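A short write-up of the structure that comes next.
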Amino acid sequence: MAKPNIAIKDIESALKFRRAMKSFDVSKKINEEDIKLILEAIRLTPTSYGFEPFNVIVAQDTDFRKKLEKAAGVNAARFTASHLLIFTAKTGEELTRKDGHIDHMLRDVAYMNAVVRTGYKTFWKKWAKTDFKIFGDNEKLHQWAARQAYIALGFAMMTAAERGIDSCAMEGFSIDKLAEILEELKLIDREKDLPVVMLALGYGNKEPHSQTRRDINEIIKYC
Ligand SMILES: Cc1cc2nc3c(=O)[nH]c(=O)nc-3n(C[C@H](O)[C@H](O)[C@H](O)COP(=O)(O)O)c2cc1C
292 MAKPNIAIKD IESALKFRRA MKSFDVSKKI NEEDIKLILE AIRLTPTSYG FEPFNVIVAQ
352 DTDFRKKLEK AAGVNAARFT ASHLLIFTAK TGEELTRKDG HIDHMLRDVA YMNAVVRTGY
412 KTFWKKWAKT DFKIFGDNEK LHQWAARQAY IALGFAMMTA AERGIDSCAM EGFSIDKLAE
472 ILEELKLIDR EKDLPVVMLA LGYGNKEPHS QTRRDINEII KYC
């Protein structure tokens, strides 16, 4: 595969263009090619152990969006965006149960045979128990899955910016209320998946809010 060589100025331009867009033009829709590209960026996102412990719901139906707004009142102005993505992450129970998400990934996606699967799962368990100290604690396992979803969130926002598409990540919602709505509509089973973050995508109709950043020397340490 050809090595990409995107010009530094083009990458900088996308990085600077990406701002948290607070208000979207309801009449401007993202074209099919661009939305496919953003969803593909999510699919190709790297995840720890390659477990891909998240899913995405694309919320396009107007009535569905109205329901969602009830769980995310502070973000109502973002709900006119062309596309609205809800990232869900696997629960700890679903990740680790027999024939749960990890077993599914190893068996049906990575096509490992039973022996290799057992070895890989044992290796992961040891790491999760001793190194990251998340095994045996379902909330920590879920938050670990959520961290993987946030990598996908970043990939999606960057890809959108590269195509001149505005975005706003959103944590301003009630997880309980949103999960209830999603479960009512049979979009999730709360035992297995829970919403962790949303992403509005489209074209802004106002100037973005002012942006602040720490000095690079406060963030980065060399040694
Ligand atoms: C994970 C995450 C959650 C966020 N949640 C919200 C939100 O609920 N509502 C909102 O208006 N902005 C939200 N933001 C946007 C941030 O406020 C914004 O990214 C930050 O102030 C930096 O500004 P910039 O994105 O324009 O650089 C969120 C951003 C991230 C990354």
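Heads up: the sequence shown is residues 292 to 514, going by the numbering used here.
C-beta: ideal position from N, C-alpha, C; glycine also.
In this text, all values refer to a predicted model and were calculated from it rather than measured experimentally.
For Gln439, the shortest C-beta to heavy atom distance toward ligand 1 is 6 Å or greater. Counting only runs of 4 or more residues that sit fully inside the region 335-371, the alpha helix (DSSP H) segments are 353-362, in chain order. Remark: the C-beta of Met292 is outside contact range of ligand 1, defined as less than 6 Å to any heavy atom.
For Ala350, same chain residues with a beta-carbon under 7 Å away, outside a window of 5 residues either side, are Arg356, Leu359, Leu375 and Ile377 in chain order. Shown here, Gly391 sits in coil according to DSSP, grouped into three states, outside any helix or strand. The residue from Asp325, Ile442 and Ala372 with its alpha-carbon nearest to that of Pro344 is Ile442. Between Ile297 and Ile456, the C-beta spacing is not below 7 Å. Restricted to the region 484-510, the alpha helix (DSSP H) segments that are unbroken, complete and at least 4 residues in length are 507-510, listed in chain order. Taken from the Cβ of Met461, at least one heavy atom of ligand 1 lies inside 6 Å.
Contact annotation: Ala332 and Ala447 have beta-carbon atoms nearer than 7 Å.
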